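Visitor: Protein chains in written order, with this note's numbering: chain A, 1 to 116; chain B, 1001 to 1114. Every residue, glycine too, gets a C-beta built ideally from N, C-alpha and C. Because the structure is a prediction, the values reported are computed rather than measured.
1) Give the residues of chain B in contact with residue 43 (chain A), contact being defined as C-beta atoms less than 8 Å apart.
2) Select from the segment 1021-1055 of chain B all residues with a C-beta closer than 8 Å to any C-beta belonging to chain A, and list them in chain order.
3) Between residue 1057 (chain B) and chain A, is the shortest Cβ-Cβ distance under 8 Å, so that the two count as touching?
4) For a cutoff of 8 Å on Cβ pairs, would you count residue 1099 (chain B) as touching chain A?
5) With the cut-off set at 8 Å, would you say residue 1035 (chain B) and residue 1048 (chain B) are in Cβ contact?
6) Along chain C, in chain order, which residues have C-beta atoms closer than 8 Å to that of residue 69 (chain A)?
7) So the beta strand (DSSP E) residue 62 (chain A) belongs to, where does it begin and stop?
8) Residue 1083 (chain B) CB to nearest chain A CB: under 8 Å?
9) Taking Cβ positions only, does residue 1093 (chain B) come closer than 8 Å to chain A?
10) Which residues, in order along the segment 73-100 of chain A, keep a beta-carbon less than 9 Å from a beta-carbon of chain B?
11) Name the chain B residues that come within less than 7 Å of residue 22 (chain A), Cβ to Cβ?
12) Can you give me the C-alpha to C-alpha distance between residue 1073 (chain B) and residue 1066 (chain B), rounded to a whole angstrom?
13) Going by beta carbon distance, what residues of the same chain come within less than 6 Å of residue 35 (chain A), once the five residues before and after it are set aside?
14) State the Cα-Cα distance for the pair residue 1091 (chain B) and residue 85 (chain A), rounded to the nearest angstrom.
15) Quick one: residues in its chain with C-beta nearer than 7 Å to the C-beta of residue 1053 (chain B), no 5 flanking neighbours on either side, listed in chain order?
16) Which of the three DSSP states is assigned to residue 1004 (chain B) in this structure?
17) Measuring only the C-alpha atoms, how far is residue 1082 (chain B) from residue 1101 (chain B)?
18) Residue 6 (chain A) versus chain B: which residues are under 8 Å apart at the beta carbon?
19) In chain order, what residues of the same chain lie with their CB nearer than 7 Å to the CB of residue 39 (chain A), ignoring the 5 residues before and after it?
20) In the segment 1037-1111 of chain B, which residue ranges form an unbroken alpha helix (DSSP H) of at least 4 residues, counting only runs that do not cross its ends?
21) Output yes or no for whether 8 Å exceeds the beta carbon distance between residue 82 (chain A) and residue 18 (chain A).
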């Protein structure tokens, strides 16, 4: 099946710094990618929908200035957590769908962010 | 809006026991239905899917049938193994809308002991 690669898998950063997470579709082109956040023992919360070449669409309650999303090409989307604070510590997962219709979403391995 | 409700966990079973994880959905259109599995510290893997009513998805001994009349997509396995211990998510999406994200249930943790 299609592969979505997410990097890094784990990152620890100091409070106030910024962290960039990359999401790549390795063998297909993804017009749309999705970023989710998962709290411990909870479901995935959709943060934003990332569209290649245009601005991301953020879900209600998600701060667009804190969670910067860039989808510069059909195979790469990045999520930057700016001025991170301990409450931003979480598991972030990206997802991508092939350009064609009737395809399921493929998920990255996730990134465990810990802000100290 | 569309939503997914799945049974609360954790579900604790002995090896070779029968598994059922209930999932029901609410949708305005005709969504596709999915079960994803998440092992500790990892992302989500597609377990099975069904794209229309009465379809049965199956994989690795797991199966689920898309029941439009009861708006359900219950996951079953006849004989679970310790290696099946994971979190299982039911989800829906309109596959005809390429820009549509999946909507997930809250997840059900399965723990299988030998």
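Guide: Quick answer:
1) Numbered from its first residue, the first chain carries residue 43 (chain A) at position 43. Residues of chain B whose Cβ lies closer than 8 Å to the Cβ of residue 43 (chain A) are, in chain order, 1089, 1104, 1105, 1106, 1107.
2) Of all residues in the segment 1021-1055 of chain B, those with a C-beta nearer than 8 Å to a C-beta of chain A are 1032, 1034, 1036, 1041, 1042, 1043, 1044, 1045, 1046, 1049, 1051, reading in chain order.
3) Numbered from its first residue, the second chain carries residue 1057 (chain B) at position 57. No Cβ of chain A is located within less than 8 Å of the beta carbon of residue 1057 (chain B).
4) As a working note, residue 1099 (chain B) is residue 99 in the second chain. Residue-level contact check: residue 1099 (chain B) touches chain A, since one or more beta carbons of chain A fall below 8 Å from its beta carbon.
5) The residue you call residue 1035 (chain B) lines up with position 35 of the second chain. The residue you call residue 1048 (chain B) lines up with position 48 of the second chain. Yes.
6) Considering every chain present, this structure includes no chain C. Its protein chains are A and B.
7) Numbered from 1 along the first chain, position 62 holds the residue referred to as residue 62 (chain A). Residue 62 (chain A) -> no beta strand (DSSP E), and no H or E assigned at all.
8) If you number the second chain from 1, residue 1083 (chain B) lands on position 83. Closer than 8 Å: no.
9) Counting from one through the second chain, the residue named residue 1093 (chain B) turns up at place 93. For residue 1093 (chain B), the nearest CB of chain A lies under 8 Å from its own CB, placing it at the interface with that chain.
10) Those would be 91, 93, 94, 95, 97, 98, 99, 100, in chain order.
11) Numbered from its first residue, the first chain carries residue 22 (chain A) at position 22. Here the premise fails: no neighbours, minimum Cβ distance about 14 Å.
12) Here residue 1073 (chain B) refers to the residue found at position 73 when the second chain is read from its first residue. Here residue 1066 (chain B) refers to the residue found at position 66 when the second chain is read from its first residue. Taking the straight line joining both Cα atoms gives about 5 Å.
13) Within the first chain, the letter at position 35 stands for residue 35 (chain A). Excluding five sequence positions before and after residue 35 (chain A), the CB atoms of its chain that fall closer than 6 Å to its own CB belong to 47, 48, 79, 94, given in chain order.
14) If you number the second chain from 1, residue 1091 (chain B) lands on position 91. If you number the first chain from 1, residue 85 (chain A) lands on position 85. Going by the C-alpha atoms only, they are around 31 Å apart.
15) Position 53 of the second chain, counted from the start, is the residue given in the question as residue 1053 (chain B). Excluding sequence neighbours, residue 1053 (chain B) sits near 1066, 1068.
16) Here residue 1004 (chain B) corresponds to residue number 4 of the second chain, with the count starting at 1. The DSSP-derived three-state label of residue 1004 (chain B) is strand.
17) As a working mapping, residue 1082 (chain B) is identified with position 82 in the second chain. As a working mapping, residue 1101 (chain B) is identified with position 101 in the second chain. If you take the alpha carbons of residue 1082 (chain B) and residue 1101 (chain B), they lie about 31 Å apart.
18) As a first step, residue 6 (chain A) must be located in the first chain, where it is residue number 6. Neighbours of residue 6 (chain A) across chain B, judged by C-beta separation under 8 Å: 1043.
19) Within the first chain, residue 39 (chain A) is the residue found at index 39, counting from 1. Closer than 7 Å at Cβ, skipping near neighbours: 90.
20) If only uninterrupted alpha helix (DSSP H) runs of at least 4 residues are considered, none is enclosed by the segment 1037-1111 of chain B.
21) Here residue 82 (chain A) refers to the residue found at position 82 when the first chain is read from its first residue. Here residue 18 (chain A) refers to the residue found at position 18 when the first chain is read from its first residue. The answer is yes: Cβ separation under 8 Å.
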